[in-house]
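Positions in the sequence shown are counted from 1; adding 36 to them yields the numbering used here.
A quick write-up on the structure given underneath.
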Amino acid sequence: MMEFKIKDIEQVFNGEILQNHGNNEYTIKINGDDRNIKILQMNSKGIEFVLDQQYHTVKYLQTSTAELNMVVDGVPMIVNKHINLDKIVYKNSGGAGAGDSKLALHSQIPGKVVSIAVEEGASVKKGDTICTLESMKMQVGIKSHKDGVVKLIKVKKGNSVAKNDVIAEIE
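Printed below as a string of structure tokens:
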């Protein structure tokens, strides 16, 4: 379940995929209502789709970790992709008390390494950014799950990582 908030609109929208019918057709639930969607085309510039027999286009203008600036059917809007995205990624990458004694810092998302913020031998505090991944045009900081010293960095800038891949070892 993903949570979305459109800037200047108070309502939060919840969406989830209920069923994949194949051929880019899905049944989705948006705020409790079941809807049918067929994705016609999707790439890094945008998406074309039919939602309940109505054609829509979305053009991506600019994106960051938390916001997506886009034009939907000719109307510009900014969407907060998930108001707690950073906290969720941090918690699921080993942060927030998830066994501070463990050595490995894992990626919770697949993505491409766009930058590495620390070097081997560096001292880090719990919550410090170790590297930044880009996934689906979003940049997400992977943060240290504990205080310690970076023993080993297991990724390089430009590498692709899968979910649960080890990013670094911190002791």
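Idealized CB from N, CA, C, for every residue including glycine.
{"Query": "Buried or exposed (CB count within 10 angstroms, at least 16 for buried), Ala204", "Result": "buried"}
{"Query": "Among Ser171, Asn50, Phe85 and Val108, the one whose alpha carbon lies nearest that of Asp69", "Result": "Asn50"}
{"Query": "Ile64 to Val94 span [Cα, whole Å]", "Result": "18 Å"}
{"Query": "Interface flag, Tyr91 vs chain D, CB-CB below 9 Å", "Result": "Within the model displayed, chain D is absent; a lone protein chain is all it includes."}
{"Query": "Gly133 versus Val176: straight-line alpha-carbon distance, rounded", "Result": "Residue placement at Gly133 cannot be trusted, given a pLDDT of 44 that sits under 50; what the coordinates show is reported in the next sentence. Cα to Cα, the separation comes out at about 20 Å."}
{"Query": "For Val154 and Gly58, the rounded distance between their alpha carbons", "Result": "43 Å"}
{"Query": "Rounded Cβ spacing between Asn75 and Asn60 (contact assumed at less than 8 Å)", "Result": "First, the amino acid is wrong: residue 75 is Ile here, not Asn. Their Cβ separation, rounded to whole angstroms, is 4 Å, which keeps Ile75 and Asn60 in contact under 8 Å."}
{"Query": "Assumed close pair Asp88, Asn105 - CB separation to whole angstroms, cut-off 8 Å", "Result": "The pair is not a contact, with the Cβ atoms about 26 Å apart (cut-off 8 Å)."}
{"Query": "CB of Lys190 within 9 Å of CB of Gln144, strictly", "Result": "no"}
{"Query": "Pairwise C-alpha distance: Asn195 and Gln90", "Result": "39 Å"}
{"Query": "Residue burial classification, Gln55 (beta-carbon count within 10 angstroms, cutoff 16)", "Result": "exposed"}
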